[in-house]
Amino acid sequence: MNLTLKIWRQDGPKARGELVTYQVADISPDMSFLEMLDVLNERLNAEGKEPVAFDSDCREGICGMCGLMISGEAHGPEKTTTCQLHMRSFKDGETITIEPWRADAFPIIRDLVVDRSAFDRIIQAGGFISVNTGSAPDAEAILVPKPNADRAFVAAECIGCGACVAACPNASGMLFMGAKVTHLGELPQGQPERAMRVQAMVATHDGAGFGGCTNIGECSHACPKGIPLDVISTLNADLRKAKSGRF
Amino acid sequence: MTDTMLSTPDGVGADYYRIGAPVADTQAPAGPIAGKWTQRKFDASLVNPANRRKLSVIIVGTGLAGASAGATLGEAGYHVKSFCFQDTPRRAHSIAAQGGINAAKNYKEDGDSIYRLFYDTVKGGDYRSRETNVYRLAEVSANIIDQCVAQGVPFAREYGGLLDNRSFGGVQVSRTFYARGQTGQQLLIGAYQALERQIAAGTVEMFTRHEMLELIVEDGRARGIIARDLVTGEIETHLADAVVLASGGYGNVFFLSTNAMGSNVTANWRAHRKGAYFANPCYTQIHPTCIPVSGDHQSKLTLMSESLRNDGRIWVPKRKEDCEKDPRQIPEEDRDYYLERIYPAFGNLVPRDIASRQAKYMCDDGRGVGPMVGDFRRGVYLDFADAIARLGRPAVEAKYGNLFDMYARITGENPYETPMRIYPAVHYTMGGLWVDYDLSSNIPGLFVTGEANFSDHGANRLGASALMQGLADGYFVLPNTIRNYLAKGPYPKLDADSPAVAEARANVEERTQRLLAINGQRSVDSFHKELGHIMWEYCGMERTETGLMKAIDLIRSLRAEFWRNVRVLGSADTLNQSLEKAGRVADFLELGELMCIDALHRRESCGGHFRAESQTEDGEALRHDDQFLYVAAWEYAGGSGEGEMGNPVLHKEDLVYEAIELKQRSYK
Numbered sequence: 004m005n006l007t008l009k010i011w012r013q014d015g016p017k018a019r020g021e022l023v024t025y026q027v028a029d030i031s032p033d034m035s036f037l038e039m040l041d042v043l044n045e046r047l048n049a050e051g052k053e054p055v056a057f058d059s060d061c062r063e064g065i066c067g068m069c070g071l072m073i074s075g076e077a078h079g080p081e082k083t084t085t086c087q088l089h090m091r092s093f094k095d096g097e098t099i100t101i102e103p104w105r106a107d108a109f110p111i112i113r114d115l116v117v118d119r120s121a122f123d124r125i126i127q128a129g130g131f132i133s134v135n136t137g138s139a140p141d142a143e144a145i146l147v148p149k150p151n152a153d154r155a156f157v158a159a160e161c162i163g164c165g166a167c168v169a170a171c172p173n174a175s176g177m178l179f180m181g182a183k184v185t186h187l188g189e190l191p192q193g194q195p196e197r198a199m200r201v202q203a204m205v206a207t208h209d210g211a212g213f214g215g216c217t218n219i220g221e222c223s224h225a226c227p228k229g230i231p232l233d234v235i236s237t238l239n240a241d242l243r244k245a246k247s248g249r250f
Numbered sequence: 029m030t031d032t033m034l035s036t037p038d039g040v041g042a043d044y045y046r047i048g049a050p051v052a053d054t055q056a057p058a059g060p061i062a063g064k065w066t067q068r069k070f071d072a073s074l075v076n077p078a079n080r081r082k083l084s085v086i087i088v089g090t091g092l093a094g095a096s097a098g099a100t101l102g103e104a105g106y107h108v109k110s111f112c113f114q115d116t117p118r119r120a121h122s123i124a125a126q127g128g129i130n131a132a133k134n135y136k137e138d139g140d141s142i143y144r145l146f147y148d149t150v151k152g153g154d155y156r157s158r159e160t161n162v163y164r165l166a167e168v169s170a171n172i173i174d175q176c177v178a179q180g181v182p183f184a185r186e187y188g189g190l191l192d193n194r195s196f197g198g199v200q201v202s203r204t205f206y207a208r209g210q211t212g213q214q215l216l217i218g219a220y221q222a223l224e225r226q227i228a229a230g231t232v233e234m235f236t237r238h239e240m241l242e243l244i245v246e247d248g249r250a251r252g253i254i255a256r257d258l259v260t261g262e263i264e265t266h267l268a269d270a271v272v273l274a275s276g277g278y279g280n281v282f283f284l285s286t287n288a289m290g291s292n293v294t295a296n297w298r299a300h301r302k303g304a305y306f307a308n309p310c311y312t313q314i315h316p317t318c319i320p321v322s323g324d325h326q327s328k329l330t331l332m333s334e335s336l337r338n339d340g341r342i343w344v345p346k347r348k349e350d351c352e353k354d355p356r357q358i359p360e361e362d363r364d365y366y367l368e369r370i371y372p373a374f375g376n377l378v379p380r381d382i383a384s385r386q387a388k389y390m391c392d393d394g395r396g397v398g399p400m401v402g403d404f405r406r407g408v409y410l411d412f413a414d415a416i417a418r419l420g421r422p423a424v425e426a427k428y429g430n431l432f433d434m435y436a437r438i439t440g441e442n443p444y445e446t447p448m449r450i451y452p453a454v455h456y457t458m459g460g461l462w463v464d465y466d467l468s469s470n471i472p473g474l475f476v477t478g479e480a481n482f483s484d485h486g487a488n489r490l491g492a493s494a495l496m497q498g499l500a501d502g503y504f505v506l507p508n509t510i511r512n513y514l515a516k517g518p519y520p521k522l523d524a525d526s527p528a529v530a531e532a533r534a535n536v537e538e539r540t541q542r543l544l545a546i547n548g549q550r551s552v553d554s555f556h557k558e559l560g561h562i563m564w565e566y567c568g569m570e571r572t573e574t575g576l577m578k579a580i581d582l583i584r585s586l587r588a589e590f591w592r593n594v595r596v597l598g599s600a601d602t603l604n605q606s607l608e609k610a611g612r613v614a615d616f617l618e619l620g621e622l623m624c625i626d627a628l629h630r631r632e633s634c635g636g637h638f639r640a641e642s643q644t645e646d647g648e649a650l651r652h653d654d655q656f657l658y659v660a661a662w663e664y665a666g667g668s669g670e671g672e673m674g675n676p677v678l679h680k681e682d683l684v685y686e687a688i689e690l691k692q693r694s695y696k
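Quick note, the sequences are listed as chains P and D, same order. Its first residue numbered 4, the first sequence is counted upward by one per residue in this note's numbering. Its first residue numbered 29, the second sequence is counted upward by one per residue in this note's numbering.
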């Protein structure tokens, strides 16, 4: 396959960025999207030009480190992570625009690499259950009904990649936050801190520069793990109950 | 401490290494094995809670072993500095583990016990692990499950609300806890959340996008690290009373592995160059059920759970000329179900190393399937047609649907209709820095946990045991042993301009400048790929004396070329991913040689290490307990310059089996 790539290049956080056009030839449809970028980078290196910086680590769709805006879609045209997207999803001769996640809360570090530490700060605010090592009761002492365990699991599948934020017209982090609030809120272990958790997380989210949710649903559509939109309903319900003291 | 040079009986070793004084663990208390850990916890000094915040610990790596240790030591009140090269601690590669985590809970009342988990782990490791450490691992395994459930880890459950277990990796009891195919992810997120809670509490300082590039050793003690801020390029000095390496395994020495792109040996290797012994580096695990390589562009390999072997049948064509055919057109009588043929009792469920080696033999024989990569077809069929006929497609879908989807996404083929293709890939490294019962390396103040150490898996690791070890070390073992060391602290204050610090910083700065200054013709990746080919060919599933000697020569000349001809563009004061890779590959180029020397010196087959010269008449691995019942702990003997390794010194730790009787394994 031969492709035209328009890639966002930006030397540093403060530098001005621009889309730069590259041609790549002889791309195998069996390559992953990131392997296609590896090929481009090998060529740039050979030409004495600095390679394109982008994040990736596990390259099997679970660590959440990779994430590119590909022709306007977070993680590209398939419902998966960028690393699991393969070139057979594109047409020979196609022009592909590659940009970083765009959100005030995710400042650009270089080229396609962004700073997602705001997600960590949201977790720090309350995305945990306070239990010190060694103080846990026997695992079977806590019974969890299967429907709750299953819903907790679905929410817990979030990989923290940030596609939801990138896809949202408001750059909201509500799907990410809703996933954690739902995961922990469905479990008996998560009840004691439930009211505190949701309020602290929402306050941190809002302070980090993420926008609000207007129920458009792009986040869930873009999510490579299919986190359902109803975690945001749970988030909102929990917040309302917490504020009115009804937990 | 080095004796005069000795040659091994075949005379080969003399050219490559020297024999040094034996090494031994001195921390495991005497007495029956079941009481040792309790005794050790009692004997280990305590630190008064008020003194803990005056004591600092650096932890490198935030996978299961690092994040759990960081959270636990932070909760205890120590001042922790935690480092990871990724953008957040939640990315560490523990996250990719699929299958599950073992624990001797015996919830199924099927005869499991601490002793049985201990026994299975020692046997699975082919009697090359240290009994005391493994017993403790089995002992604390039950606490891990309690801890994780309390944190909200969503393990699979039954309708009554109780936890579900399954049998995994060929053992006969159901002791594996799991969270669909994402157990590693869920456990890591649990540990990550506990770590983030401590970051919020101020007990843990987190340094993301930081890479450790040097260990600071002052007065014989590990006192800190030199790290590079990967965003700004700044070289930073971090000092502490103790340093913990939880930086994972070194499978990426093979270039292609199931490891993450960034997984590397640099933290371990820098410590090794500063005197820490590297134990059993040749013990690598090659997993049989991975998606085969599709071309030269391949950047990593993806593992599929070996549970697939429960229902899939593995075969290759009997005739070479059939290898290009559509497999569905090859009639039954022309197929060779080779595992069922060779191992009628275990069939497709033989252990990982046997399944892997047989697949290699079939492909070496010219009967591999799939695309040509280089001169070979590297793949065998894993066929579900019989299972679909027997159980129906919905049942197969329910059991393996997510794996089939993953396979289809990567290969573009539909495994419900055409047989899957699989091939072995490097998955886990049992070797690592040598540690004693306290998880302390031979450098006081340097502790090593999880995959980064060598201690628990011997020559081969059982399925669902890596997650167990990482969390056992981090939550329960290290916090109880490191206090014995910290209790003697705080250690004398170290100045940022003391000679030890200045030397370590200068090393890092010179090395960085040198990598950028070479400006040769070849990319870092091209060296890494070539190293990977050498390692895979000569130090992979089957090793021979001549092959390993050839590999050592090839690696030495490749390393020399690297330092003459690598091209690293850009500058040191910015995010520079080529520079990061270059430093890691430079260290792999040294590690690869040590692995080959270790494999060369161990003239026996055991676990994941198969020496072609040492096999039974049936072609099975043949151990030589009379000569090799020891841990090989290697001391770096080169200079401080780049690429000049010298002849490493071998320190043997004899393995003593008191609780378990040595047996030769057989799967026929």
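Ideal placement from N, C-alpha and C gives every residue a C-beta, glycine not left out.
Worksheet item: Checking contacts by CB at 7 Å: is G128 of chain D closer than that to chain P?
Response: Counting from 1 along the second sequence, the entry for residue 128 of chain D is found at position 100. Not an interface residue.
Worksheet item: Can you give the beta carbon distance from A225 of chain P to A166 of chain P, rounded, assuming they're within the 8 Å contact cut?
Response: As a first step, residue 225 of chain P is located in the first sequence; it is residue number 222 there, counting from the start. As a first step, residue 166 of chain P is located in the first sequence; it is residue number 163 there, counting from the start. Sure, about 5 Å apart at Cβ, within 8 Å.
Worksheet item: How do the stretch 216-228 of chain D and the stretch 97-115 of chain P stand: do at least 3 beta-carbon pairs fall below 8 Å, yes or no?
Response: no
Worksheet item: Grouping DSSP H, G and I as helix and E and B as strand, with all else coil, what is V55 of chain P?
Response: As a position in the first sequence, residue 55 of chain P is number 52, starting the count at 1. V55 of chain P: coil per DSSP, three-state reduction.
Discussion item. Which same chain residues end up closer than 6 Å to Q202 of chain P when comparing Cβ atoms and leaving out the 5 residues on each side of it in sequence?
Written reply: Stepping through the first sequence from its first residue, residue 202 of chain P is reached at position 199. The answer, listed in chain order, is A245.
Worksheet entry | Where D354 of chain D falls: helix, strand or coil (DSSP) | Your numbering for residue 354 of chain D matches position 326 in the second sequence. Three-state result, D354 of chain D: coil.
Worksheet item: Thinking C-alpha only, which one of D:C567, D:Q655 and D:W662 is nearest L628 of chain D?
Response: Locating residue 628 of chain D in the second sequence gives position 600, where the first residue counts as 1. Selected option, being the one with the closest Cα: D:C567.
Discussion item. Which residues does DSSP list as the beta-bridge partners of R256 of chain D?
Written reply: For this step, residue 256 of chain D is matched to residue 228 along the second sequence. Partner(s): D:E239 and D:I263.
Practice prompt. At 9 Å on the CB atoms, spell out the chain P contacts of A26 of chain D, in chain order.
Written response: The structure shown has nothing for residue 26 of chain D, since chain D only spans 29 to 696.
Fill in: Residues of the stretch 160-193 of chain D whose Cβ lies closer than 9 Å to any Cβ of chain P, in chain order
A170, N171, I173, D174, Q175, C176, V177, A178, Q179, G180, V181, P182, F183, A184, R185, E186, Y187, G188, G189, L190 and L191
Discussion item. Out of D:G647, D:D433 and D:Y456, which one is the CA nearest neighbour of S694 of chain D?
Written reply: As a working mapping, residue 694 of chain D is identified with position 666 in the second sequence. Ranking D:G647, D:D433 and D:Y456 by Cα distance to S694 of chain D puts D:G647 first.
Worksheet item: Closest by CA to R81 of chain D, which one among D:Y311, D:E686, D:G102 and D:Q67?
Response: Along the second sequence, read from residue 1 onward, the residue named residue 81 of chain D stands at position 53. R81 of chain D has its Cα closest to that of D:G102, out of D:Y311, D:E686, D:G102 and D:Q67.
Practice prompt. Rounded to whole angstroms, what's the CA-CA distance from D525 of chain D to G261 of chain D? Just pull it up for me.
Written response: Sequence index remark: in the second sequence, residue 525 of chain D carries index 497 (1-based). Sequence index remark: in the second sequence, residue 261 of chain D carries index 233 (1-based). Answer to the nearest angstrom: the Cα atoms are 20 Å apart.
Practice prompt. Report all residues from its chain with a CB closer than 7 Å to the CB of S493 of chain D; omit the five preceding and five following residues, and keep chain order.
Written response: Counting from 1 along the second sequence, the entry for residue 493 of chain D is found at position 465. Closer than 7 Å at the Cβ level, and outside the excluded window around S493 of chain D, lie N130, T149 and H485.
Worksheet item: Rounded to a whole number of angstroms, what is the C-alpha to C-alpha distance between P37 of chain D and P676 of chain D?
Response: By 1-based counting over the second sequence, the position of residue 37 of chain D is 9. By 1-based counting over the second sequence, the position of residue 676 of chain D is 648. Confidence at P37 of chain D is low in this model, with a pLDDT of 49, below 50, so the placement of that residue is unreliable and no value is reported for it.
Worksheet item: Tell me, which residues are paired with H89 of chain P by DSSP?
Response: Numbered from 1 along the first sequence, position 86 holds the residue referred to as residue 89 of chain P. Paired residue(s): P:S35.
Worksheet entry | Contact with chain P by A49 of chain D, beta-carbon distance below 7 Å | To locate residue 49 of chain D, count along the second sequence from 1; it is residue 21. No, A49 of chain D does not count as interfacial toward chain P.
Worksheet item: Between the beta-carbon of E221 of chain P and the beta-carbon of A170 of chain P, is there less than 7 Å?
Response: Here residue 221 of chain P is taken as the residue at index 218 of the first sequence, counted from 1. Here residue 170 of chain P is taken as the residue at index 167 of the first sequence, counted from 1. The answer is yes: Cβ separation under 7 Å.
Item to complete: Identify, in the order they occur along the chain, each residue of the same chain with its Cβ nearer than 8 Å to the Cβ of G127 of chain D, setting aside the five sequence neighbours on each side.
Response: By 1-based counting over the second sequence, the position of residue 127 of chain D is 99. Within the same chain, G127 of chain D has close Cβ partners F196, G197, T204, Y206, G209, T211, S333, E334, S335, G491 and A492.
Worksheet item: Three or more C-beta pairs closer than 8 Å, one from the stretch 168-186 of chain P and one from the stretch 61-81 of chain P: is that the case here?
Response: yes
Worksheet item: When we look at the beta-carbon of N508 of chain D and count the other beta-carbons within 10 Å, is it buried (16 or more) or exposed?
Response: Numbered from its first residue, the second sequence carries residue 508 of chain D at position 480. Label assigned to N508 of chain D: buried.
Fill in: Where M34 of chain P meets chain D, residues with beta-carbon distance less than 7 Å
Locating residue 34 of chain P in the first sequence gives position 31, counting from the first residue. Those are H325, listed as they occur along chain D.
Worksheet item: How close, in whole Å, do the beta carbons of L88 of chain P and W11 of chain P come, if the pair is a contact with beta carbons under 8 Å?
Response: Numbered from 1 along the first sequence, position 85 holds the residue referred to as residue 88 of chain P. Numbered from 1 along the first sequence, position 8 holds the residue referred to as residue 11 of chain P. Not quite, the Cβ-Cβ distance comes to about 18 Å (not below 8 Å), so this is no contact.
Worksheet item: If you follow the beta strand (DSSP E) that T317 of chain D is part of, which residue opens it and which one closes it?
Response: Numbered from 1 along the second sequence, position 289 holds the residue referred to as residue 317 of chain D. T312 to C318 is the span of the beta strand (DSSP E), which, as asked, contains T317 of chain D.
Fill in: Any chain D beta carbon closer than 7 Å to A121 of chain P
Mapped onto the first sequence, residue 121 of chain P falls at position 118. No, no contact with chain D.
Item to complete: Return the chain-ordered list of same chain residues with a C-beta closer than 6 Å to the C-beta of F113 of chain D, the five sequence neighbours on each side being excluded.
Response: Looking up residue 113 of chain D in the second sequence gives position 85. Excluding sequence neighbours, F113 of chain D sits near E239 and G290.
Practice prompt. Would you mind giving the Cβ-Cβ distance between P638 of chain D and R337 of chain D, rounded to the nearest angstrom? I have them listed as a contact below 8 Å.
Written response: To locate residue 638 of chain D, count along the second sequence from 1; it is residue 610. To locate residue 337 of chain D, count along the second sequence from 1; it is residue 309. Reading the sequence as shown, one finds Phe at residue 638 of chain D and not Pro. Going by Cβ atoms, the distance from F638 of chain D to R337 of chain D rounds to 20 Å, so no, they are not a contact pair.
Worksheet item: chain D beta carbons: is any one of them nearer than 7 Å to that of T136 of chain P?
Response: Mapped onto the first sequence, residue 136 of chain P falls at position 133. Yes, because at least one Cβ of chain D sits closer than 7 Å to the Cβ of T136 of chain P.
Worksheet item: Along chain D, which residues have their Cβ under 8 Å away from the Cβ of G176 of chain P?
Response: The sequence position of residue 176 of chain P within the first sequence is 173, counting from 1. The contacting residues do not exist; G176 of chain P stays about 14 Å from chain D at best.
Practice prompt. Quick one: using the 10 Å Cβ neighbour count with 16 as the cut-off for buried, is D466 of chain D buried or exposed?
Written response: Against the second sequence, residue 466 of chain D aligns to sequence position 438. It counts as buried.
Worksheet item: If Q605 of chain D sits next to A121 of chain P, beta carbons under 8 Å apart, how far is it from one beta carbon to the other, in whole angstroms?
Response: Reading the second sequence from its first residue, position 577 is the one you call residue 605 of chain D. Reading the first sequence from its first residue, position 118 is the one you call residue 121 of chain P. With a Cβ gap of about 23 Å, Q605 of chain D and A121 of chain P do not count as contacting.
Worksheet entry | Three-way DSSP call (helix, strand, coil) for V181 of chain D in this model | Locating residue 181 of chain D in the second sequence gives position 153, where the first residue counts as 1. In the structure shown, V181 of chain D sits in coil (DSSP, three-state: anything other than H, G, I, E or B).
Worksheet item: From D:A270, D:F590 and D:N171, pick the residue whose C-alpha is nearest to that of L514 of chain D; which is it?
Response: Locating residue 514 of chain D in the second sequence gives position 486, where the first residue counts as 1. Residue D:A270 is the option with its Cα nearest to L514 of chain D.
Fill in: Buried or exposed by the 16-neighbour rule on C-beta atoms within 10 Å, applied to H679 of chain D
Within the second sequence, numbered from 1, the residue matching residue 679 of chain D stands at position 651. With 16 or more other Cβ atoms within 10 Å, it is buried.
Worksheet entry | Interface partners of T83 of chain P on chain D, CB under 7 Å | Here residue 83 of chain P is taken as the residue at index 80 of the first sequence, counted from 1. Within 7 Å Cβ-Cβ: R437.
Worksheet item: If you compare alpha carbons, which of P:Q127, P:F179, P:N173 and P:D209 is closest to A228 of chain D?
Response: Taking the first residue of the second sequence as position 1, residue 228 of chain D is located at position 200. It is P:Q127.
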